[in-house]
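Residue numbers (my numbering), protein chains in the order written: chain A, 1 to 348; chain B, 1 to 371.
Rendered as C-alpha cells:
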C-alpha cells in the first residue's frame, strides 16, 4: 500500500460574477450590499439598516420600502408571487412600526406568459392588499423577450405612516430585552423547495406567507414598549438575529429547544440537510421587548394566532461584540453565523 | 419527532459522556469516518463533552471533499458542450475545480441542475430527447446503488441520451491507506453508519484484525456518536480490536443485500485518485464494460483528467487525522465558505466547513475576550 501523498487544487480567485448565492440573503448578499450598494448610496436613512427607511414627513414619520420578487414556481402551497410581493412589502413597513398605506407594483413579464396566470396573480395582489388596508396606487409594466425572464418578476414599493412615539429598530435594543417569535419557523422555504423540486412529504408543507398587520397592530395597541421588530425572510431566523445583534452590538442568547418548528418542517430539513433556523419565512417576525413586557407581548401574539405557537426564544445581553449564542438542544453552546450563500441539499 | 428527539436527549448525552470519562485512563485518538458524523460532533460540541485525553479526528467520508478536482474540471467541461444538461447533487456545485466550480459554470450559462435522485436525471433525459443528460455520480457506497439503479432503469427504458460522470469511492481501502501510513495517529474508528447500512459490517473485520484497531459502526445523532465513542474506548482500554455495531437500528451484518447486489452488478472496482489523499488502489467503483455506453467521459471523448498541482489546502492531512482544520494557514483567512480554496470548506459534510460554521466565530470571540 502506498503512503497517501498530499495534494490539493490551486486557489480559486474571488468571484468576479454574480452567482445565485448573492441573492440568498446571507453573507454573500451582505458582501454585495457593503461593497457596492451602501457606499454608493450612502445616507442617514440607509445607515439605519432596517427593513425600510424611516424619514420625517409633515410633522410625522414616514416609512418607505421596496422589494423584488423572483420566486419560482409562481404558485406554491400557501400563496403565489402576488401575495408574497404584497405581504413582503407590507411586512417591511410594519417592521418599522408603520401603518402601511400605499404601494406601487412594477411588472416584468416574459413573452408567452399566459394572461390567465397574470390575471390570477394580479387579483391575488389586490385581495392581499385590501385585507391589510393598503391601496396599490401606481404601477409599471415591461415585457422582455422569451427566454430573458422567468415568466414574471414583480417589484413593489410601499409607503406607511408612523403614528406613535416608539423608536422601533435595531438601535433601540437594550440589555435585558426578550426575543419573541410569532410562530413556528421554516415553512415558506421548505414549501417552495418541495414545490419547486417536486419533493413529496407525508403532507404538504404550506408557506407561512401572510400579512403581519394583525399581530403588529395588536402589539402596538397593547401599551407595551417595542424595541425592535424584524421579519424573518431570506436567511431565516438565524441570519436575521445575527444582523440585529451586529447592528445593536448586543449579545443575544437563544435556546434551541424553545424555537418552534413543526415536525413536518423539521423532518423535511433533516432529509435535505437543512437547518430550520436558516430557512426562509414570509409570515414570521421576531420582536424584541423589555423583559417586563415579555409576558404581555407573548399573550398578545397568542391571542392573535395561538395555532402558530409563538414563543420566547432568547434574551438580549450586554452591549459587547454583537453576537448570537445558541444553547443547543443537548445543552452545549455555540455562536451563530449568517447563512453563507444558500443552503444546498446534501448528497447522502 | 420520533427517531430524532430520543437521540438528542440532553440527559442521555450527559450520562454517556460521564461513562466515557470514568473509564478512560490514557489518551486515545479516534477517527469518525463520515462527514455527517463530523458535522454532528462539531455542531453539537460533542468533542467538548469528552475528557481531554480523547482526540476526535475527522475522516475522509465526505464525498464532495474527496472527488478529485480534475473530475470537477471534466464536469465543467461538459457544461460547455452543446445540448448538455449536467445534473448534480446540490453541494457539489460550490467545489472548486482547478479552474471554475459548477456554480460559476452555471452563472456563465451552462445548464447545471440540482437533482435529488439520479432517477430524476433519467426522467429529465426522457423528457428532453434532443438534450444529453449527464449525471455527476459522486459518493461512497451509500449513493452507488441508486446510481446503479438509474443505469439499469435507463438501459431497460432504452434511454440513449443519459450518461454518468462516475467518481464513486469506497471506504475500506481509504481506512487501510490511513492506517498504513507511517505517520498515522488513528487508534480506533467510528465506521460510517450509512455506508454499513448498504455494505454490512463483514468487510471491516479484516481491517480490525490486520491493524489491531477497534471499529465501531456508528450513527449520526449525538447519542449515537457518544455511544460509538464509548464502545470504542472500552475496546481500546481492554486492548480489543473488534468490529462492533452500535447502529443496529439501521445496520445489519449482511447490509442491504439487494442494494449491494445492484451496485456490484453495474460497477467494477477500480483504482481511484482521491482529492487530498492521492491515488488508492481498488478504492473506487466505475461502470462495468457492459455499461460503458453510459460512461460520459467516453461518450463525450473527454480528455483524461490531469493530476492537480499541489496548493495551499491541507485537506489530505486533515482527512487522515494528522491535522485539524485550524492548523491550516489558509483556514478562515484565505479559505472561507464564501471563497473556498479546498473542498472540505465547501461541503455540508466537510470538516473545515463544520469548524468554520460552528466554531470560527466562537473562537474568534473567545480569543478577543482573552486578549
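We put the beta carbon where it would ideally sit given N, CA and C, even for glycine.
Subject >> residue 132 of chain B, DSSP secondary structure in three states >> reply: In the displayed model, residue 132 of chain B falls within a strand according to three-state DSSP.
Subject >> Rounded separation between residue 93 of chain B and residue 228 of chain A - CA only >> reply: Approximately 37 Å between the Cα atoms of the pair.
Original post:
Taking the runs of the beta strand (DSSP E) that are 3 residues or longer, which of them lie wholly in the stretch 54 to 100 of chain A?
Top reply: Qualifying beta strand (DSSP E) stretches, in chain order: 60 to 69.
Subject >> Straight-line Cα distance separating residue 287 of chain B from residue 351 of chain A >> reply: For chain A, the structure presents residues 1 to 348; residue 351 of chain A sits outside this window and is missing.
Original post:
Quick one: is residue 124 of chain A buried, meaning 16 or more other Cβ sit within 10 Å of its Cβ, or exposed?
Top reply: Residue 124 of chain A should be labelled buried.
Original post:
Is the stretch 38 to 47 of chain B in contact with the stretch 322 to 342 of chain A, if contact means three or more CB pairs nearer than 8 Å?
Top reply: Output reads yes: the stretch 322 to 342 of chain A touches the stretch 38 to 47 of chain B.
Subject >> Cutoff 7 Å; reference residue 97 of chain B; Cβ partners in own chain excluding five residues on either side >> reply: So the list reads 69, 72, 73, 76, once near-sequence residues are dropped.
**OP:** Might you give, ordered along the chain, the residues of its own chain that have their beta carbon closer than 6 Å to the beta carbon of residue 66 of chain A, omitting 5 neighbours on each side?
**Re:** Only 157 meet the Cβ criterion.
Original post:
What residues match up with residue 158 of chain A in a beta bridge as DSSP calls it?
Top reply: In the DSSP output, where bridge partners are listed per residue, residue 158 of chain A has A:65, A:103.
Subject >> Reference residue 99 of chain B, options B:311, B:24, B:136, B:61, closest by Cα >> reply: Checked all of B:311, B:24, B:136, B:61; the closest Cα to residue 99 of chain B is B:311.
Original post:
Hey, out of B:323, B:360, B:350, whose CA is closest to residue 332 of chain B's CA?
Top reply: Of the candidates B:323, B:360, B:350, B:360 places its Cα closest to the Cα of residue 332 of chain B.
Subject >> Contact check, residue 169 of chain B vs residue 188 of chain B, beta carbons under 8 Å >> reply: No, the pair does not count as a contact, with Cβ atoms beyond the cut-off.
Original post:
In or out: residue 314 of chain A buried (at least 16 other Cβ within 10 Å) or exposed?
Top reply: So residue 314 of chain A ends up on the buried side.
**OP:** Please decide whether residue 27 of chain A counts as near chain B, where near means a Cβ-Cβ distance under 8 Å.
**Re:** Yes - at least one Cβ of chain B is within 8 Å of the one on residue 27 of chain A.
Original post:
Looking only at DSSP bridge pairs, what is residue 110 of chain A linked to?
Top reply: Paired residues: A:144.
**OP:** Check whether the Cβ of residue 19 of chain A lies closer than 8 Å to any Cβ atom in chain B.
**Re:** With 8 Å as the cut-off, residue 19 of chain A counts as an interface residue toward chain B.
Subject >> Cβ neighbours of residue 85 of chain A in the same chain (closer than 6 Å, five flanking residues each side left out) >> reply: Within the same chain, residue 85 of chain A has close Cβ partners 69, 154, 156.
**OP:** Please compile the residues from chain B whose C-beta is within a distance smaller than 7 Å of the C-beta of residue 355 of chain A.
**Re:** No answer is possible for residue 355 of chain A: it lies beyond the span of chain A, which begins at 1 and ends at 348.
**OP:** For my contact list, residue 38 of chain B and residue 354 of chain B are in at a C-beta cut-off of 8 Å; report their separation, rounded to the angstrom.
**Re:** The Cβ separation is near 5 Å, so the contact holds.
**OP:** Excluding the 5 residues preceding and the 5 following residue 17 of chain A in the sequence, name in chain order all residues of the same chain whose CB lies nearer than 8 Å to its CB.
**Re:** Counting only Cβ-Cβ distances below 8 Å, and skipping sequence neighbours, we find nothing.
Original post:
Rounded to a whole number of angstroms, what is the C-alpha to C-alpha distance between residue 147 of chain A and residue 112 of chain A?
Top reply: About 10 Å.
Original post:
What residues in its chain sit with their C-beta under 8 Å from that of residue 334 of chain B, if we drop five residues either side in the sequence?
Top reply: Answer for residue 334 of chain B: 312, 341, listed in chain order.
Subject >> Bounding residues of the alpha helix (DSSP H) (the contiguous stretch that carries residue 190 of chain A) >> reply: Residues 187 to 197.
Original post:
Which value, in whole angstroms, describes the spacing of the CA atoms of residue 211 of chain B and residue 18 of chain B?
Top reply: Distance from the CA of residue 211 of chain B to the CA of residue 18 of chain B, rounded to the nearest whole angstrom, comes to 29 Å.
**OP:** At 7 Å on the CB atoms, spell out the chain A contacts of residue 345 of chain B, in chain order.
**Re:** Residues of chain A whose Cβ lies closer than 7 Å to the Cβ of residue 345 of chain B do not exist, since the nearest Cβ in that chain is about 10 Å away.
Original post:
With a cut-off of 8 Å, does the C-beta of residue 361 of chain B fall near any C-beta of chain A?
Top reply: So yes, residue 361 of chain B belongs to the interface.
**OP:** Identify the continuous beta strand (DSSP E) that holds residue 163 of chain B and give its terminal residues.
**Re:** 162 to 169 is the span of the beta strand (DSSP E), which, as asked, contains residue 163 of chain B.
**OP:** Would you mind telling me which residues of chain B sit closer than 8 Å to residue 263 of chain A, beta carbon to beta carbon, in chain order?
**Re:** Under the 8 Å cutoff, chain B gives 1.
Original post:
Terminal residues of the continuous alpha helix (DSSP H) containing residue 206 of chain B?
Top reply: Taken as a continuous stretch (DSSP letters only), the alpha helix (DSSP H) holding residue 206 of chain B covers 205 to 211.
**OP:** Could you tell me the boundaries of the alpha helix (DSSP H) in which residue 252 of chain A lies?
**Re:** Under the DSSP assignment, residue 252 of chain A falls outside any alpha helix (DSSP H), being part of the beta strand (DSSP E) whose first and last residues are 250 to 255.
**OP:** Assign residue 235 of chain B to one of two classes, buried (16 or more other C-beta atoms within 10 Å of its C-beta) or exposed (fewer than that).
**Re:** By the neighbour-count criterion, in which a residue is buried when 16 or more other Cβ atoms sit within 10 angstroms of its Cβ, residue 235 of chain B is buried.
**OP:** Return helix, strand or coil for residue 270 of chain B, following the three-state DSSP convention.
**Re:** Strand.
Original post:
Can we count residue 141 of chain B as close to the ligand SAM, meaning its CB is less than 7 Å from some heavy atom?
Top reply: For the ligand SAM, the structure offers nothing, since it holds no ligand at all.
**OP:** Go to residue 225 of chain B, then tell me how far its alpha helix (DSSP H) extends in each direction, as first and last residue.
**Re:** Per DSSP, the continuous alpha helix (DSSP H) segment holding residue 225 of chain B begins and ends at 222 to 237.
Original post:
Apart from the five residues just before and just after residue 377 of chain B, which ones in its own chain have a Cβ nearer than 7 Å to its Cβ?
Top reply: Not covered by the structure: residue 377 of chain B. The range shown for chain B is 1 to 371.
Original post:
Whose C-beta lies closer than 7 Å to the C-beta of residue 188 of chain A among residues of the same chain, with five residues either side of it excluded?
Top reply: Closer than 7 Å at Cβ, skipping near neighbours: 207, 208, 209, 280, 281, 282.
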